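Visitor:
In the numbering used here, the protein residues as written are 141 to 292.
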């Protein structure tokens, strides 16, 4: 049934909980103090201050993300967006607004929806943070993420 997960799938979603890196949000496998950084962020600080993810990109979590992005399962967006709002509550409390990543017009026509905009709208509703859907414009068509190498 759309909008629901069975008990077995729910148990395999892989929600990210503390402890995790204070910068990138990568979960630690051992106990760590609040504010601790992972080895990657210490060695090569990223170009952002803080990021969070709601679920691990594996098993059911990966399947849900790919179903939304590649298989037009838009009914998944409210659940994912709600999880994102909860995972990012601390970041959203300080945010002025949310701006979804735009698709190039050709990709938008082919896909028929922008999954980032669907998720941003749900996060906005859940958190009370304003969403400015048309703030950014993708000026040129770039390779899809699925076609990029790890170094790209």
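Ideal Cβ placement from N, Cα and C applies to all residues, glycine included. Since this is a predicted model, take the numbers as computed values, not measurements.
The alpha helix (DSSP H) that contains residue 215, what's its start and end?
Guide: Position 75 of the chain shown, counted from the start, is the residue given in the question as residue 215. Neither: residue 215 is in no alpha helix (DSSP H) and is coded neither H nor E.
Visitor: What's the gap between the Cα of residue 147 and the Cα of residue 207?
Guide: Here residue 147 refers to the residue found at position 7 of the chain shown. Here residue 207 refers to the residue found at position 67 of the chain shown. Distance between the alpha carbons of residue 147 and residue 207: 19 Å.
Visitor: In whole angstroms, what is the alpha-carbon distance linking residue 214 and residue 262?
Guide: Here the question's residue 214 lines up with position 74 in the chain shown. Here the question's residue 262 lines up with position 122 in the chain shown. Taking the straight line joining both Cα atoms gives about 12 Å.
Visitor: So for residue 141, helix, strand or coil by DSSP?
Guide: Looking up residue 141 in the chain shown gives position 1. Per-residue confidence for residue 141 stands at a pLDDT of 44, beneath the threshold of 50, marking its modelled position as unreliable; the derived number appears in the next sentence. Looking at residue 141 - three-state DSSP - the assignment turns out to be coil, as it is neither helix nor strand.
Visitor: With DSSP as the reference, label residue 205 as helix, strand or coil.
Guide: Along the chain shown, one-based indexing puts residue 205 at 65. DSSP places residue 205 in helix when its eight states are reduced to three.
Visitor: Do the CB positions of residue 216 and residue 155 come within less than 8 Å of each other?
Guide: What you label residue 216 is simply residue 76 of the chain shown in a count that begins at 1. What you label residue 155 is simply residue 15 of the chain shown in a count that begins at 1. No.
Visitor: Between residue 276 and residue 241, is the Cβ-Cβ spacing less than 8 Å?
Guide: Translated into positions along the chain shown, residue 276 becomes position 136. Translated into positions along the chain shown, residue 241 becomes position 101. Their beta carbons are under 8 Å apart, which means residue 276 touches residue 241 by this criterion.
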